[in-house]
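Residue numbers (the numbering used here), protein chains in the order written: chain A, 2 to 460; chain B, 4 to 99.
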């Protein structure tokens, strides 16, 4: 079917890149000036000048016969990403600097200095696991790059990770490349979504992950380099770059290390998160998820707080988001240990807290019978469309359909399980809400395995 | 001195390349499917185009056809084939 794509000028490189990725380099694109489109899109009347200015060109693109290259484009050849790379310098410092300059110029680095991935360092990283270097972990969006164990090891070396961290990094990459995880969205979206990476099980303490005061900050090599290894792996294996096909308008938060930390299982009044998900207590796991900037709750060291007060504030925050978007919204609560203990003291289990959040965050039908919503007449139609095309799980669809009437209360998530509760932070501490009003699912937990240098994660 | 380093990039299996569909000689008598990608303003822009289409091609029929969800950019296998059923050619906008 012949057609033309309108894009704004800032997305031209992104559109061409995406078209090529999908084997259609010849699609016909028409750009609108970004500085005018985004300012004047509130009404049809405001956009008439832009439509008028582009109309003749649109007709031309729809009617002008194809060139031979458009009709039958040349095959896209595979670019080899292997082979020896030698960097020459007057001395080690010079070669080190030239390596960093080359990597950044090639878009192979994140802007911070990297550890040059020398073969002997990569072999050392690979010794942290029994997995074969040729094993394929998965394909990394947006360019569908193949993540082998070796490629991930190269990026882990660059990040400054230790070999004993490598099995954790591999488990996280399994999560990111799982077909149930929408990696494209977090890699490419204009929204500044960022991954959250949470380690559970005995390997967290054995590797020295911080789960207390400062857990989202600097100073702990495990937190920082595991996060950075994942950042570099996604950047290099997925082949993204800002302003080309990573269109995060203000950049991704925690761009260098993501939000990487461990659950404080020792101080939690409940079972560890991974046990609640069906893993054994002796397992070690990594949970990866996509989030916006976390919201902060509680009084910390400054003002008094209660566990119930924190939960009530979280409920109010979720409700104020204004968007039901139930087909894939997920929330990660990270409660500092004292808050979790207070909630448990008042009778909450992890399960009852999830049920409480699910019930209290439901939105009245009357609040969503509102205006045009993402191409639909209103949010009600959007939810019905989500049911019809299967984005709401079949077992939960009826809950939403039953609520789509006056007096109904529509859940913001598909089930209470979509409130993921972790315990981490210090005393005093704050409580965090990582939310994702996403498109598709972006939450996976994978078991750490095949470790050689730790007692945990071996099997 | 010489420093040997390894390439951190993933190999990309090259996609099969596809040509784009042949064009139509004129829009007269054609149904033009205007696909709203769900981002704010797209409906307004496409509506402005629809007005111009009917003004300049009296026998052309614009058909507004929104995507089911704005940011769902992957895996709409059931929906995309339905676009063909709506008309003869399409205009998709506005990215992003």
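The C-beta atom is built at its ideal place from N, Cα and C for all residues, glycine as well.
Residues of chain A with CB closer than 7 Å to the CB of residue i, please, in chain order.
{"i": "residue 26(B)", "result": "3, 63, 64, 65, 66 and 67"}
{"i": "residue 84(B)", "result": "Ordered by position in chain A, no residue passes the 7 Å Cβ test against residue 84(B), which lies about 10 Å from the chain."}
Interface residues of chain A around residue i at Cβ under 8 Å?
{"i": "residue 12(B)", "result": "82, 109, 146, 152, 237, 238 and 240"}
{"i": "residue 65(B)", "result": "Those do not exist, as residue 65(B) stays about 12 Å from chain A at its closest Cβ, beyond 8 Å."}
{"i": "residue 29(B)", "result": "64"}
{"i": "residue 92(B)", "result": "2, 3, 4 and 63"}
{"i": "residue 52(B)", "result": "52, 56 and 59"}
Residues of chain A with CB under 9 Å from residue i, in chain order?
{"i": "residue 62(B)", "result": "Per Cβ cutoff of 9 Å: no residues; residue 62(B) is ~15 Å from chain A at best."}
{"i": "residue 32(B)", "result": "Simply none; closest approach about 13 Å."}
For residue i, return the contacting residues in chain B, with the cut-off set at a CB-CB distance below 8 Å.
{"i": "residue 27(A)", "result": "22 and 23"}
{"i": "residue 44(A)", "result": "47"}
{"i": "residue 85(A)", "result": "7"}
{"i": "residue 233(A)", "result": "11"}
{"i": "residue 9(A)", "result": "97, 98 and 99"}
For the candidate residues the options, whose alpha-carbon lies nearest to that of residue i?
{"i": "residue 451(A)", "options": "236(A), 258(A), 114(A) and 130(A)", "result": "130(A)"}
{"i": "residue 264(A)", "options": "433(A), 59(A) and 64(A)", "result": "433(A)"}
{"i": "residue 337(A)", "options": "283(A), 454(A), 422(A) and 362(A)", "result": "422(A)"}
{"i": "residue 345(A)", "options": "220(A), 272(A), 315(A) and 152(A)", "result": "272(A)"}
{"i": "residue 40(A)", "options": "353(A), 9(A) and 56(A)", "result": "9(A)"}
{"i": "residue 287(A)", "options": "400(A), 339(A), 255(A) and 167(A)", "result": "167(A)"}
{"i": "residue 3(A)", "options": "31(B), 24(B) and 14(B)", "result": "24(B)"}
{"i": "residue 111(A)", "options": "171(A), 237(A), 187(A) and 310(A)", "result": "237(A)"}
{"i": "residue 14(A)", "options": "163(A), 242(A), 84(A) and 142(A)", "result": "242(A)"}
{"i": "residue 16(A)", "options": "80(A), 285(A) and 246(A)", "result": "246(A)"}
{"i": "residue 281(A)", "options": "66(A), 201(A), 182(A) and 358(A)", "result": "201(A)"}
{"i": "residue 62(A)", "options": "89(B), 12(B), 28(B) and 19(B)", "result": "28(B)"}
{"i": "residue 297(A)", "options": "348(A), 145(A) and 430(A)", "result": "430(A)"}
{"i": "residue 35(A)", "options": "51(A), 268(A) and 262(A)", "result": "51(A)"}
Rounded to the nearest angstrom, how far is the Cβ of residue i from that of residue j, given a contact under 8 Å?
{"i": "residue 293(A)", "j": "residue 436(A)", "result": "6 Å"}
{"i": "residue 365(A)", "j": "residue 410(A)", "result": "6 Å"}
{"i": "residue 136(A)", "j": "residue 147(A)", "result": "The pair is not a contact, with the Cβ atoms about 11 Å apart (cut-off 8 Å)."}
{"i": "residue 335(A)", "j": "residue 426(A)", "result": "7 Å"}
{"i": "residue 10(B)", "j": "residue 98(A)", "result": "Their Cβ separation, rounded to whole angstroms, is 19 Å, which puts residue 10(B) and residue 98(A) out of contact at 8 Å."}
For a contact meaning CB atoms closer than 7 Å, what does residue i contact in chain B?
{"i": "residue 437(A)", "result": "Per Cβ cutoff of 7 Å: no residues; residue 437(A) is ~11 Å from chain B at best."}
{"i": "residue 188(A)", "result": "Near residue 188(A) there are no residues of chain B at all, since even the closest Cβ is about 11 Å away, more than 7 Å."}
{"i": "residue 23(A)", "result": "18"}
{"i": "residue 73(A)", "result": "22"}
{"i": "residue 120(A)", "result": "7 and 9"}
{"i": "residue 49(A)", "result": "51"}
For residue i, collect the residues of the same chain with a Cβ closer than 7 Å to its Cβ; drop the 5 residues on either side in sequence, then sort them by chain order.
{"i": "residue 96(B)", "result": "40, 45, 48 and 49"}
{"i": "residue 78(B)", "result": "Bear in mind that a pLDDT of 47 at residue 78(B), under 50, signals an unreliable position, so the model cannot answer this."}
{"i": "residue 115(A)", "result": "101, 104 and 159"}
{"i": "residue 86(B)", "result": "36, 38, 68 and 93"}
{"i": "residue 99(B)", "result": "42"}
{"i": "residue 20(A)", "result": "26 and 28"}
{"i": "residue 31(B)", "result": "60, 62 and 63"}
{"i": "residue 219(A)", "result": "225"}
{"i": "residue 55(A)", "result": "31 and 33"}
{"i": "residue 170(A)", "result": "153, 157, 162, 227, 230 and 231"}
Considering only residues of the same chain and omitting the five flanking positions on each side of residue i, which have a CB-CB separation below 6 Å?
{"i": "residue 76(B)", "result": "Below a pLDDT of 50, predicted positions are generally treated as unreliable, and residue 76(B), at 45, falls in that range; the measurement from the model is reported next regardless. If we look at residue 76(B) and ignore the five residues flanking it on each side, it has no Cβ neighbours."}
{"i": "residue 154(A)", "result": "123, 126 and 127"}
{"i": "residue 8(B)", "result": "none"}
{"i": "residue 91(B)", "result": "33 and 34"}
{"i": "residue 4(B)", "result": "none"}
{"i": "residue 316(A)", "result": "361 and 362"}
{"i": "residue 330(A)", "result": "413, 414 and 438"}
{"i": "residue 69(A)", "result": "none"}
{"i": "residue 117(A)", "result": "100"}
Cβ closer than 9 Å: which chain D residues qualify as neighbours of residue i?
{"i": "residue 259(A)", "result": "Checking the listed chains, one finds no chain D in this structure; the protein chains it contains are A and B."}
Which bits of chain B does residue i rub up against, with CB to CB less than 9 Å?
{"i": "residue 79(A)", "result": "14, 15, 16 and 17"}
Cutting at 8 Å between CB atoms, please list the residues of its own chain near residue i, excluding the five before and the five after it.
{"i": "residue 232(A)", "result": "111, 160, 256, 257, 258 and 259"}
Quiz item: Along the chain, which unbroken stretches of the beta strand (DSSP E) at least 3 residues long are found entirely within the region 365 to 432 of chain A?
Solution: Counting only runs of 3 or more, we get 420 to 424.
Quiz item: Which full runs of the beta strand (DSSP E) of 3+ residues lie inside the region 328 to 369 of chain A, going along the chain?
Solution: Unbroken beta strand (DSSP E) stretches of 3 residues or longer found wholly inside the region 328 to 369 of chain A: 330 to 336, given in chain order.
Quiz item: In chain order, which alpha helix (DSSP H) runs of at least 4 residues are fully inside the region 122 to 186 of chain A?
Solution: Counting only runs of 4 or more, we get 150 to 160 and 167 to 178.
Exercise. Could you name each continuous beta strand (DSSP E) segment of 3 residues or more that falls completely within the region 261 to 315 of chain A, going from the start of the chain to the end?
Key: Assignment of beta strand (DSSP E) within the region 261 to 315 of chain A, counting only whole runs of 3 or more residues, yields 286 to 292 and 296 to 298 in chain order.
Quiz item: In chain order, which beta strand (DSSP E) runs of at least 3 residues are fully inside the region 73 to 107 of chain A?
Solution: Counting only runs that start and end inside the region 73 to 107 of chain A, the beta strand (DSSP E) elements of at least 3 residues fall at 86 to 89.
Quiz item: Enumerated in chain order, which unbroken segments of the beta strand (DSSP E) with a length of 3 residues or greater are wholly contained in the region 432 to 459 of chain A?
Solution: With a minimum length of 3 residues, the continuous beta strand (DSSP E) runs that stay inside the region 432 to 459 of chain A are 432 to 438 and 444 to 448.
Quiz item: Can you list the alpha helix (DSSP H) stretches of 4 or more residues lying completely in the region 31 to 69 of chain B, in chain order?
Solution: If we require 4 residues or more, the alpha helix (DSSP H) runs fully inside the region 31 to 69 of chain B come out as 45 to 59.
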